[in-house]
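J.: Numbering (this note's numbering), first residue to last: 329 to 884.
Can you keep this structure in mind? I'll have questions shortly.
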Ligand code: N01
């Protein structure tokens with residue numbers, strides 16, 4: 329690589345001043361981005377609102393929090409030594425172990441010297457005269473940076489719906505996405521959990537084991553497949569580690585970048601007996617590969633119905649009370665909302681200390697001093713757990729006052745929904761990169777390879793700019809518009825847009841209804857590679873003020 333031309337103004341011993349790059353967020357994305365910045369020889373600062381590194385895995389400490397992608401896949405692959413030396417203990421890693429892993433990564437790659445904890449980025453303002461970003465933090469610091477990389481995560485801005493009377497509640501309340509570090513003891517407590525997405529489904533069985541009584545307030549029943557979690561099989565670990573690079577490469581060729589053991593067959597062209605056998609095998613195997621049972625499950629409603637009915641039958645078999653079983657049985661498309669992976673979820677409703685309260689046809693009316701009211705009935709509670717999710721994909725970005733060219737805010741630019749080129753950059757916001765931003769596969773993949781692919785693409789892009797003397801990069805409007813249309817077109821060919829999911833922003837009142845992730849990891853990676861190979865086709869590359877030349881690279 330040619331020597332980097334960007335000024336490495338200073339080593340970052342203090343939060344103020346000038347640096348080459350500011351990174352926001354110390355989760356998987358931010359940590360790796362910082363490592364790559366070090367590799368490029370750039371000065372970088374990473375600001376993190378939390379009191380330690382870990383991102384999602386720092387905040388989401390609710391009972392039962394664990395990843396629904398298997399440990400040997402949900403980990404970095406950029407370092408062969410790291411992936412060989414780290415030992416996962418369970419098939420699906422618990423939150424605490426992933427947090428430990430990320431702390432290990434921060435130490436192993438000497439990242440901490442550039443990480444500023446307990447520091448929330450409040451604003452990022454682009455100055456057209458200097459072609460630099462000014463980043464303002466909650467600690468009152470102002471840093472000037474050539475590049476600003478948002479590694480803010482897709483699911484990090486918690487959503488607590490507006491409930492009348494919440495402030496009156498005399499008990500304790502918690503959000504799964506911002507769980508007390510010291511843990512919560514629910515022994516002898518009457519607990520209400522609102523929400524039955526992944527966080528609710530993981531926490532409900534464990535809270536039920538502690539609480540004197542648990543009320544689950546369900547608005548939409550969710551499909552969940554048993555995890556069959558357990559100690560990591562050492563033979564499986566040995567086999568994968570013996571050929572890790574190959575294993576990773578194969579998984580990158582999968583639609584969601586993860587080993588779903590895809591079956592190419594159509595559910596509709598398979599006999600009912602074979603279908604049943606396929607679903608049964610996958611139920612027994614456990615987890616998200618259930619969705620790989622047939623190629624048309626996410627494209628044909630009729631095909632999907634066969635999988636949906638299979639899960640409903642399982643619920644009927646597990647849950648003793650037929651009325652409760654029917655209430656728990658979803659009627660929507662399997663996988664349209666994120667499929668959940670559980671340990672003992674449906675079985676929890678056989679416990680005498682658990683009550684399912686349907687709130688689909690009659691919303692929670694209010695929170696009272698002593699509990700919560702539904703259909704005129706007050707449920708007395710000592711604690712309420714909001715498992716009510718996140719303002720996904722855009723929430724954390726739009727919380728920051730990001731202003732690009734002409735002082736235009738990202739909020740204005742995305743007023744009708746997020747608009748990006750490749751999910752990584754936005755017109756009018758030069759040198760601002762969004763790792764796993766809206767318009768990229770992100771949440772519809774194993775997040776870690778998606779993060780690594782973005783980080784590496786961004787690092788290569790910065791190196792290219794340095795090598796060729798470009799000061800700024802931003803997408804062309806034509807490339808961005810075409811990409812947004814393409815993201816929608818791909819989604820439109822699937823069943824994904826047919827339900828009120830957070831992928832569409834449907835969980836946040838007033839949020840524009842736009843399908844945000846891009847479906848298809850392999851074609852996406854190919855597109856990013858092509859763009860880079862063509863000298864960043866679809867981007868406008870701008871020389872520094874000394875050069876005063878704009879080069880639009882829209883070849884191909
Ligand atoms: O949030 P969610 P989550 N009244 O949005 C309900 C990832 N994740 O934190 O469906 C009553 O899925 C809402 O009801 P409805 C994963 O990608 C991964 O559980 O809108 N209920 C829903 O049931 C996941 O998809 C892991 O009708 C209300 C629930 O709250 C994403 O994070 C673990 C309500 C929210 O479910 C988000 O999951 C955890 C109201 N007013 C999370 N408002 C793993 O890796 C909302 N709800 C395993």
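Here a beta-carbon is modelled for each residue, glycine too, at the ideal position from N, C-alpha and C.
The structure displayed is predicted, hence computed values, not measured ones.
Could you work out which residue in 747, 651, 506 is closest to residue 892 when comparing CA atoms only?
T.: In this structure the chain extends from 329 to 884, so residue 892 is not present and cannot be described.
J.: Run through DSSP, which three-state label would residue 450 get?
T.: It is a strand residue.
J.: Taking 8 Å as the cut-off, does the region 747-755 touch the region 556-564 (at least 3 CB pairs, one atom from each stretch)?
T.: no
J.: Using a threshold of 7 Å, is the CB atom of residue 715 nearer than that to any non-hydrogen atom of the ligand N01?
T.: Within 7 Å of the C-beta of residue 715 there is at least one heavy atom belonging to the ligand N01.
J.: Taking the DSSP output, what are the residues bridged to residue 729?
T.: Residue 729 is bridged to 451.
J.: Whole angstroms are fine: how far does the CA of residue 483 sit from the CA of residue 739?
T.: 18 Å
J.: According to DSSP, is residue 464 part of a helix, a strand, or is it coil?
T.: strand
J.: What would DSSP say about residue 840, mapped onto helix, strand or coil?
T.: coil
J.: Less than 8 Å between the beta carbons of residue 662 and residue 551, yes or no?
T.: yes
J.: Is residue 659 near the ligand N01, going by C-beta to nearest heavy atom under 7 Å?
T.: Checking the Cβ of residue 659 against the ligand N01 gives no.
J.: Could you have a look at residue 886 and say whether DSSP puts it in helix, strand or coil?
T.: Lying outside 329 to 884, the shown extent of the chain, residue 886 is not represented and no answer is given.
J.: Quick one: Cα of residue 353 to Cα of residue 570, how far?
T.: Cα to Cα, the separation comes out at about 33 Å.
J.: Can you give me the C-alpha to C-alpha distance between residue 673 and residue 471, rounded to a whole angstrom?
T.: About 47 Å.
J.: Take residue 306 as the anchor and find which of 869, 768, 615 has the nearest alpha-carbon.
T.: Any property of residue 306 remains undetermined from this structure, which presents the chain solely from 329 to 884.
J.: Roughly how many angstroms lie between the CA atoms of residue 407 and residue 377, to the nearest whole one?
T.: 27 Å
J.: Report yes if the C-beta of residue 712 is less than 7 Å from at least one heavy atom of the ligand N01; otherwise report no.
T.: no
J.: Hey, could you find the ends of the alpha helix (DSSP H) residue 536 is sitting in?
T.: It spans 526-538 - the alpha helix (DSSP H) in which residue 536 sits, taken as one unbroken run.
J.: Which term fits residue 645, buried or exposed, when burial requires 16 or more other beta carbons within 10 angstroms of its beta carbon?
T.: exposed
J.: Mind checking who residue 490 pairs with in its DSSP beta bridge?
T.: Answer is none; residue 490 lacks a bridge partner.
J.: When we look at the beta-carbon of residue 877 and count the other beta-carbons within 10 Å, is it buried (16 or more) or exposed?
T.: At residue 877, the pLDDT of 42 sits below 50, so the modelled position is not reliable; the number obtained from the coordinates is stated separately. Answer is exposed; the Cβ neighbour count stays below 16.
J.: Roughly how many angstroms lie between the CA atoms of residue 650 and residue 610, to the nearest whole one?
T.: 25 Å
J.: In terms of alpha-carbon separation, which member of 753, 831, 698, 676 lies closest to residue 533?
T.: 676
J.: Going by beta carbon distance, what residues of the same chain come within less than 8 Å of residue 694, once the five residues before and after it are set aside?
T.: 491, 492, 493, 700, 701
J.: Using a Cβ-Cβ cutoff of less than 8 Å, which residues in the same chain neighbour residue 500 once the five nearest sequence positions on both sides are dropped?
T.: 512, 710, 711, 712
J.: Heavy atom of the ligand N01 less than 7 Å from the Cβ of residue 696, yes or no?
T.: No; taking the cut-off as 7 Å, the Cβ of residue 696 has no heavy atom of the ligand N01 nearer than that.
J.: In whole angstroms, what separates the C-alpha of residue 431 from that of residue 415?
T.: Cα to Cα, the separation comes out at about 14 Å.
J.: May I have a chain-ordered list of the alpha helix (DSSP H) segments no shorter than 4 residues that lie completely inside the region 402-439?
T.: 408-413, 423-436
J.: Taking DSSP's pairing of strands, which residues face residue 503 in a bridge?
T.: 714
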